[in-house]
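Worksheet for the structure shown next.
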Amino acid sequence: MEQQTTEHEADATVEPAQKLEIAERGEVTHSPKGPLMQIEPAQVVNMIERIAVDPNANPERMHQMLDFLERLNSKDAKQRFSAAMATCQADMSPVATDATNNQTRSKYATYAALDRALRPIYTQHGFSLSFDTADSPLEQHVRVVCYVEHLSGHSRTHHIDIPADGKGAKGGDVMTKTHATGSATSYGMRYLLKMIFNVAVGEADDDGNAAGKKPSANNNPTLTTTQLSALRNALKAQGDRAEGAFCKAWSVFQLEDLWQSNFDAAMQQVLRRAERLKAKTQQ
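Counting from 1, position 59 in the sequence shown corresponds to residue 58 in numbering that gives the first Met the number 0; the numbering is continuous, with no gaps.
Listed below in C-alpha cells is the structure:
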C-alpha cells in the first residue's frame with residue numbers, strides 16, 4: 000500500500016509533456032489500481048498547439064504528436080463503441096418467429112420482423128447499419144457485407160458468404176440465378192442482423208420472445224389488468240413517445256397484445272432505461 004501511494008505521488012509531479020514523452024516510449028507503468036499516467040487527448044492538443052507556434056519546433060515532432068492524438072482518439076472511439084454495444088444488447092429481447100419455411104417446415108423471423116424490433120433500439124444507442132455485397136471466394140456464393148457505424152466514429156465490418164446456386168433443400172433447381180442472388184442477399188442480411196446484436200429468435204417452445212404473433216388464449220394469455228397498468232405507468236414516466244417505441248421494439252401493435260410470459264422481461268427493460276435516463280439528468 001505504501002509503495003502504491005509513493006508511485007501515485009510521483010506521478011502527480013510529472014508534467015504533461017513528460018507524460019507524453021514517456022507514453023511514446025512505451026514506459027507507462029501500472030499499479031494494481033491501473034495506469035499511473037492517464038494521457039488525455041486534450042493534453043496532446045495543448046502540446047500540438049505549443050509546437051505549432053514555436054518557430055524552432057521540429058516538424059517531425061508535430062507529426063509524432065498528430066499521430067499520437069489519432070491513436071488516442073481511435074482508442075476512445077472504440078471504447079465508446081463497445082460500451083454502447085453492451086447497453087444496446089441489454090435493451091434487446093428475443094424476437095418472435097413470424098414466417099414458416101415450407102421446404103424445411105421450420106419457423107423463422109423475417110428481416111422485417113427483426114428490423115421492426117431492433118432498429119429503434121440500436122439507433123437510440125447511436126448505431127447505424129449499411130449493407131452491401133462483395134465477391135465471395137466460394138463458388139456460387141454471395142458475400143453479404145454489413146458496416147456497423149457508431150456516433151463515436153468507430154466502425155466494424157461483418158460479412159457472411161451465402162450459397163446462391165438456386166438449389167432447394169433437396170438439391171434441385173428451384174429458382175433462377177437472379178432470384179437466387181436476391182434470396183441469398185436477403186438471407187445474409189437477416190443472419191448478419193441477428194449475429195451482430197446477438198439476438199435470439201423464439202421458436203414455438205420459447206416463451207421469452209417478443210410478441211410478434213397473435214397469442215393463444217390458452218397457452219399465451221395477454222397481460223392482466225394489473226400488469227398492463229404497471230407497465231403503462233412505467234412507460235408514461237419516460238415521456239409521451241415511450242409507449243410507442245416500446246411497442247415497436249417488442250413487435251406488438253399495442254401493450255394489450257403483450258404476453259404475460261413477457262411481462263417480467265419487459266418491466267426490467269423499462270426500469271433499466273428509466274435508470275439510465277435518471278443518470279443522464281443528474282450529470
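No residue lacks a Cβ here, since even glycine has one placed at the ideal position from N, Cα and C. Quick caveat: nothing in here was measured; it's all calculated off a predicted structure.
Is L257 helix, strand or coil by DSSP? To locate residue 257, count along the sequence shown from 1; it is residue 258. L257 falls in the coil class under three-state DSSP.
Kindly indicate which residue of R79, L192, K247 has the alpha-carbon position closest to the one of V144. In the sequence shown, counting from the first residue as 1, residue 144 sits at position 145. Nearest of R79, L192, K247 to V144, Cα basis: L192.
Counting pairs of Cβ atoms below 8 Å between the segment 233-243 and the segment 57-75, do you hit three or more? The segment 233-243 is not in contact with the segment 57-75.
In whole angstroms, what separates the C-alpha of A248 from that of A76? In the sequence shown, residue 248 corresponds to position 249, counting from 1. In the sequence shown, residue 76 corresponds to position 77, counting from 1. Near 27 Å, if we compare the C-alpha coordinates of A76 and A248.
Mind checking R271: buried by the 16 CB within 10 Å criterion, or exposed? Counting from one through the sequence shown, the residue named residue 271 turns up at place 272. Exposed, since its Cβ has fewer than 16 Cβ neighbours within 10 Å.
If the criterion is Cβ atoms closer than 8 Å, does the pair R189 and L128 meet it? Position 190 of the sequence shown, counting from 1, holds the residue named residue 189. Position 129 of the sequence shown, counting from 1, holds the residue named residue 128. Taking the C-beta atoms as reference points, L128 is found no nearer than 8 Å to R189.
What whole-angstrom Cβ distance do A163 and V141 have, given they're in contact under 8 Å? Against the sequence shown, residue 163 aligns to sequence position 164. Against the sequence shown, residue 141 aligns to sequence position 142. That pair is a contact at about 5 Å.
With 16 other CB atoms within 10 Å as the buried threshold, where does M91 fall? Against the sequence shown, residue 91 aligns to sequence position 92. By the neighbour-count definition (other C-beta atoms within 10 Å, threshold 16), M91 is a buried residue.
What do you get for T221, buried or exposed, if any count of 16 or more other CB atoms within 10 angstroms of its CB means buried? For the purposes of this step, residue 221 is taken as the residue at position 222 of the sequence shown. With 16 or more other Cβ atoms within 10 Å, it is buried.
L254 and R275 closer than 8 Å at C-beta: Within the sequence shown, the letter at position 255 stands for residue 254. Within the sequence shown, the letter at position 276 stands for residue 275. The Cβ atoms of L254 and R275 do not sit closer than 8 Å to each other.
Below 8 Å between beta carbons: does that hold for G125 and A83? Along the sequence shown, read from residue 1 onward, the residue named residue 125 stands at position 126. Along the sequence shown, read from residue 1 onward, the residue named residue 83 stands at position 84. Yes, these two residues count as a Cβ contact at 8 Å.
Excluding the 5 residues preceding and the 5 following K279 in the sequence, name in chain order all residues of the same chain whose CB lies nearer than 8 Å to its CB. Locating residue 279 in the sequence shown gives position 280, where the first residue counts as 1. Excluding sequence positions up to five before and after K279, its CB lies less than 8 Å from no other CB in the same chain.
Roughly how many angstroms lie between the CA atoms of E23 and Q226, to the nearest whole one? Sequence index remark: in the sequence shown, residue 23 carries index 24 (1-based). Sequence index remark: in the sequence shown, residue 226 carries index 227 (1-based). Note that E23 has pLDDT 48, beneath the 50 cutoff, so the model's placement of it is unreliable and no number is given.
Less than 8 Å between C-beta atoms, sequence neighbours within five positions excluded: which residues of the same chain meet that for T180? Within the sequence shown, numbered from 1, the residue matching residue 180 stands at position 181. Shown here for T180: same chain residues with a beta carbon closer than 8 Å to its own, the five before and five after excluded, namely V141, A163 in chain order.
Can you give the beta carbon distance from H158 to A133, rounded, assuming they're within the 8 Å contact cut? Position 159 of the sequence shown, counted from the start, is the residue given in the question as residue 158. Position 134 of the sequence shown, counted from the start, is the residue given in the question as residue 133. About 7 Å; that satisfies the 8 Å criterion.
Hey, would you say V269 sits closer than 8 Å to F245, going by beta carbons? Your numbering for residue 269 matches position 270 in the sequence shown. Your numbering for residue 245 matches position 246 in the sequence shown. Contact: yes.
Collapsed DSSP secondary structure at S129 in the structure displayed: As a position in the sequence shown, residue 129 is number 130, starting the count at 1. S129: strand per DSSP, three-state reduction.
With which residues is Y291 paired in a DSSP beta bridge? Because the chain is modelled from 0 through 282, residue 291 falls outside the range shown and cannot be assessed.
Collapsed DSSP secondary structure at V269 in the structure displayed: For the purposes of this step, residue 269 is taken as the residue at position 270 of the sequence shown. In this structure, V269 counts as helix in the three-state DSSP scheme.
In this structure, what does DSSP give as the bridge partners for E148? Against the sequence shown, residue 148 aligns to sequence position 149. Per DSSP, the beta bridge partners of E148 are S127, S154.
Which stretch, first to last residue, makes up the alpha helix (DSSP H) that contains N197? Residue numbering aside, residue 197 sits at position 198 when the sequence shown is read from its first letter. Element bounds for N197: n/a, residue is neither H nor E.
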